[in-house]
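Student: Can you keep this structure in mind? I'll have questions shortly.
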Amino acid sequence: MANYIYIAASIDGYIADLNCGVEWLDDIPNPDDLDFGFAEYMNKIDAVLMGKNSYEKLLTFEEWVYEKPVYVLSNSWTILPKHKNGKAELINGVIISVIDQLKTKGMHNLYIDGGKLIQSFLKEDLIDELIITTVPIILGSGIPLFGEVDSHLKFKHLHTEVFNNFLVKSHYIRDHN
Numbered sequence: 078m079a080n081y082i083y084i085a086a087s088i089d090g091y092i093a094d095l096n097c098g099v100e101w102l103d104d105i106p107n108p109d110d111l112d113f114g115f116a117e118y119m120n121k122i123d124a125v126l127m128g129k130n131s132y133e134k135l136l137t138f139e140e141w142v143y144e145k146p147v148y149v150l151s152n153s154w155t156i157l158p159k160h161k162n163g164k165a166e167l168i169n170g171v172i173i174s175v176i177d178q179l180k181t182k183g184m185h186n187l188y189i190d191g192g193k194l195i196q197s198f199l200k201e202d203l204i205d206e207l208i209i210t211t212v213p214i215i216l217g218s219g220i221p222l223f224g225e226v227d228s229h230l231k232f233k234h235l236h237t238e239v240f241n242n243f244l245v246k247s248h249y250i251r252d253h254n
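For this note's numbering, count along the sequence shown from 1 and bump the result up by 77.
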């Protein structure tokens, strides 16, 4: 099983503002309507595992953005909001048991989405690849991409792409040496 992160962050390392807002991403120039490699990335994953806050944000979008199965990890919810029934499945438990549950469903390559969930996976050293797109904006505060970890986590740089002379997308793989 591999766990992947594909996320945008501000120069100062935030993935959302203090109100979980990501409207600043709407200002990204995209005259050629590029997907910045997202479709190719989605082809290698089996499912999306996101936290409750990310799912709540997803519910505010006009269209459902995922074709892959979506699992929402929450230990406080007992059901998902009804207006998106069939679009996602609630899952609960500690991270290792959730991974085991998803393995039994044939989900081996997971897209981990959401600040707190990403931080939890990093804290448990369960992230295999990071794809971080840096947006040239300083938010000053908000939800950080990274949090505290118990030991250093080393990654190898695979490559970096620049899109529209604006976005910098860097791809890293976990280095266990």
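The beta-carbon is built from N, C-alpha and C at its ideal position, and this holds for glycine as well. As the structure is a computational prediction, the values presented were derived from the model and not from experiment.
#1: Do you know offhand how far Leu235's Cα is from Asn96's?
#2: So, at 8 angstroms on beta carbons, what are the nonlocal neighbours of Ile122 in its own chain, with the 5 sequence-adjacent residues on each side left out?
#3: Contact between the stretch 97-108 and the stretch 159-179 is defined here as three or more beta-carbon pairs at a separation below 8 angstroms; is this criterion met?
#4: With respect to the beta strand (DSSP E) encompassing Lys246, which residues constitute its N-terminal and C-terminal limits?
#5: Determine, using beta-carbon pairs with one atom in the stretch 221-240 and one in the stretch 168-182, whether at least three such pairs fall under 8 angstroms.
#6: Note the first and the last residue of the continuous alpha helix (DSSP H) segment covering Ser87.
#7: Which stretch, first to last residue, makes up the alpha helix (DSSP H) that contains Asp104?
#8: CA-CA distance, Ser218 and Phe243?
#9: Smallest Cα separation from Val245: which of Ala79, Met78, Gly114, Asp109?
#10: Are the beta-carbon atoms of Leu216 and Asp94 separated by less than 7 angstroms?
Tutor: On the basis of the supplied data:
#1: Counting from 1 along the sequence shown, the entry for residue 235 is found at position 158. Counting from 1 along the sequence shown, the entry for residue 96 is found at position 19. Cα-Cα distance, rounded: 33 angstroms.
#2: Numbered from its first residue, the sequence shown carries residue 122 at position 45. So the qualifying residues of the chain are Tyr81, Lys145, Asn186, Leu187, Tyr188.
#3: no
#4: Here residue 246 refers to the residue found at position 169 when the sequence shown is read from its first residue. First-last of the beta strand (DSSP E) with Lys246: 244-251.
#5: no
#6: Reading the sequence shown from its first residue, position 10 is the one you call residue 87. Per DSSP, Ser87 belongs to no alpha helix (DSSP H); it is in the beta strand (DSSP E), 79-87.
#7: For the purposes of this step, residue 104 is taken as the residue at position 27 of the sequence shown. Run containing Asp104: none; DSSP gives neither H nor E here.
#8: If you number the sequence shown from 1, residue 218 lands on position 141. If you number the sequence shown from 1, residue 243 lands on position 166. Cα to Cα, the separation comes out at about 21 angstroms.
#9: Stepping through the sequence shown from its first residue, residue 245 is reached at position 168. If we check each option's Cα against that of Val245, Gly114 comes out closest.
#10: What you label residue 216 is simply residue 139 of the sequence shown in a count that begins at 1. What you label residue 94 is simply residue 17 of the sequence shown in a count that begins at 1. For Leu216 and Asp94, yes; Cβs fall inside 7 angstroms.
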